[in-house]
Each structure stands twice: as C-alpha cells, then as structure tokens.
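**Q** One structure, as structure tokens, below. Some questions next.
Numbering (full-length UniProt numbering), first residue to last: 1 to 236.
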C-alpha cells in the first residue's frame with residue numbers, strides 16, 4: 001500500500017485515513033453479520049406481532065439523516081450513555097471518539113442493506129429442500145447450516161459487500177459520534193472533507209476521491225464474481 005500511495009503522491013495522513021477506513025468498514029461489517037442473519041431469518045420466516053415494526057426499525061438508518069443516527073449513538077454509547085458506560089465498566093470497551101465508535105456507526109449504517117439482501121436470498125430458498133433435510137433427521141440448526149445458509153450464500157455475500165461499501169463511505173453518523181480525529185477517527189470521507197476545507201487541499205482531495213471510487217468498485221466487482229461462482233457451484 002505504501003508503494004501505491006507513493007505513486008499517487010499521498011502523504012502519511014492520507015494513507016492513515018485509507019487504512020483506518022478499511023479497518024472500520026471491515027470490523028463494522030463483520031461485527032454486525034451475525035445480527036443481520038438472525039434478523040433476516042426472523043423477517044423472512046417468522047410470524048410474530050410487531051414484524052412490520054421491526055422491519056421499519058431495521059431500515060430506519062437508511063431514511064433518517066445520518067447526523068440523527070450519530071447523535072443517538074452518542075447518547076447511547078457515549079461514556080455517559082447507559083450502554084457506553086456499562087460496556088466501559090465491564091469490558092473496558094470505549095466507543096466515543098475512538099475508531100471502535102467509527103466501526104459501530106459504519107456497521108449500523110450498512111446494516112439495513114445487509115439485512116435486506118440476506119432476507120431476499122433466504123426467501124428465495126426452496127423450502128422443500130429444507131423439509132427434505134428435516135425428514136432425514138436434521139435438526140433446525142442442522143438444516144440452517146447445511147441447507148439454508150449455503151443456498152442463501154450469494155445473497156449473504158452481496159449483503160456483506162453492500163454493507164462494506166456503505167460503511168466505507170459513511171460520514172455523517174461517524175463524524176457526529178466520534179468527531180474527526182487524525183489517526184483515530186479520521187476515515188477516508190472525513191479526510192476528503194477536511195482537505196476540501198483546507199486551502200490548497202483540492203488536489204489531495206481529488207486523489208482520495210479516486211481511491212474511494214476504486215475501492216468501492218473493486219468490492220462490487222469482487223462480490224459479483226464470487227456470487228456468480230458460488231451460484232454456479234450450488235446449481236451444479
């Protein structure tokens with residue numbers, strides 16, 4: 001990465017922002033994956049009161065201003081917030097003004113996209129295959145891990161990449177929750193914003209814009225290729 005950064009004329013601060021963005025997006029996406037699978041299963045297969053409300057709450061970050069999401073995270077996970085105080089006391093985990101908070105904000109912003117993609121993939125799974133596995137003696141967890149999730153893998157992968165791309169570009173919720181601290185919470189979008197506000201920083205900002213586009217495009221292309229390969233193996 002250092003060689004590529006040197007070729008693009010990026011300095012240590014810009015390189016730090018790129019690395020931090022990749023870390024934040026990866027951790028935020030992977031940390032929310034188990035919850036996304038659980039909620040997608042509930043929405044795709046469950047019948048319970050409040051299902052429509054749960055679906056609305058899951059998709060709320062997509063329609064709310066990101067600043068509102070960031071402010072709610074600050075109230076809940078800040079050091080004086082109930083969840084933030086409890087996590088710091090029991091686990092020493094601090095979110096406010098830390099890269100971990102940036103990962104939390106990025107993961108929550110990408111969460112609805114992940115849930116939706118996984119849910120649609122689960123709804124497309126042939127229930128007869130699950131019933132056949134159950135009649136052969138597989139329990140619920142056996143059917144889930146041996147039949148349902150493998151068949152839904154292309155959608156799961158698509159959800160992961162969509163959430164990662166969203167997390168990579170997250171700005172509003174992140175800057176509201178964890179501010180814009182160089183080397184700690186200054187992700188790629190925050191670095192671009194900072195450079196656009198700095199005299200003479202337009203050239204560096206344009207380079208980072210190119211990096212952001214390249215990373216997002218590479219993620220989408222990789223997702224499409226892997227999804228096709230997995231779908232071909234499942235069909236075979």
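Backbone N, C-alpha and C define an ideal beta-carbon position, used for all residues, glycine too. Since this is a predicted model, take the numbers as computed values, not measurements.
Relative to the C-alpha of residue 162, which residue among 106, 51, 10 is closest?
**A** Along the chain shown, read from residue 1 onward, the residue named residue 162 stands at position 162. Per the Cα distances, 106.
**Q** Helix, strand or coil for residue 41, going by three-state DSSP, please let me know.
**A** One-based indexing of the chain shown puts residue 41 at position 41. The answer is helix: DSSP assigns residue 41 an H, G or I state.
**Q** What is the C-beta distance between residue 178 and residue 97, in whole angstroms, given that I count them as a contact (C-beta under 8 angstroms)?
**A** Within the chain shown, the letter at position 178 stands for residue 178. Within the chain shown, the letter at position 97 stands for residue 97. Indeed, because the Cβ distance is near 5 angstroms, the residues count as touching under 8 angstroms.
**Q** Quick one: is residue 222 buried, meaning 16 or more other Cβ sit within 10 Å of its Cβ, or exposed?
**A** Along the chain shown, read from residue 1 onward, the residue named residue 222 stands at position 222. Flag for residue 222 reads exposed.
**Q** Can you give, in chain order, each stretch of the alpha helix (DSSP H) that sits fully within the region 42-108 and has at least 4 residues?
**A** The qualifying runs are 51-63, 66-77, 82-91.
**Q** Quick one, which of 187, 21, 151, 141 has its alpha-carbon nearest residue 129's?
**A** Counting from one through the chain shown, the residue named residue 129 turns up at place 129. Closest option to residue 129, Cα to Cα, is 151.
**Q** With three or more beta-carbon pairs closer than 8 angstroms as the criterion, would you say the region 168-188 touches the region 117-136?
**A** No: the two stretches stay apart, fewer than three of their Cβ pairs being nearer than 8 angstroms.
**Q** As a quick exercise: from 118, 119, 102, 12, pick the residue whose alpha carbon is nearest that of residue 189.
**A** In the chain shown, residue 189 corresponds to position 189, counting from 1. Per the Cα distances, 102.
**Q** Helix, strand or coil for residue 189 per DSSP?
**A** Mapped onto the chain shown, residue 189 falls at position 189. In this structure, residue 189 counts as helix in the three-state DSSP scheme.
**Q** So residue 43 packs on residue 207, CB below 8 angstroms; how close in whole Å?
**A** Taking the first residue of the chain shown as 1, we reach residue 43 at position 43. Taking the first residue of the chain shown as 1, we reach residue 207 at position 207. Their Cβ separation, rounded to whole angstroms, is 41 angstroms, which puts residue 43 and residue 207 out of contact at 8 angstroms.
**Q** What whole-angstrom Cβ distance do residue 120 and residue 227 have, given they're in contact under 8 angstroms?
**A** Against the chain shown, residue 120 aligns to sequence position 120. Against the chain shown, residue 227 aligns to sequence position 227. Not confirmed; about 13 angstroms, so no contact.
**Q** Need the endpoints of the alpha helix (DSSP H) that residue 178 sits in, please.
**A** By one-based count along the chain shown, residue 178 stands at place 178. 172-178 is the extent of the alpha helix (DSSP H) around residue 178.
**Q** Suppose you measure from the CA of residue 113 to the CA of residue 74; what does that come to, to the nearest Å?
**A** Translated into positions along the chain shown, residue 113 becomes position 113. Translated into positions along the chain shown, residue 74 becomes position 74. When rounded, the distance between both Cα atoms is 22 angstroms.
**Q** Would residue 155 and residue 216 qualify as a contact pair, given that the criterion is a beta-carbon distance under 9 angstroms?
**A** Taking the first residue of the chain shown as position 1, residue 155 is located at position 155. Taking the first residue of the chain shown as position 1, residue 216 is located at position 216. It is not a contact, given that the beta carbons lie outside the stated cut-off.
**Q** Could you give the DSSP three-state label for residue 198: helix, strand or coil?
**A** Reading the chain shown from its first residue, position 198 is the one you call residue 198. It is coil, neither helix nor strand.
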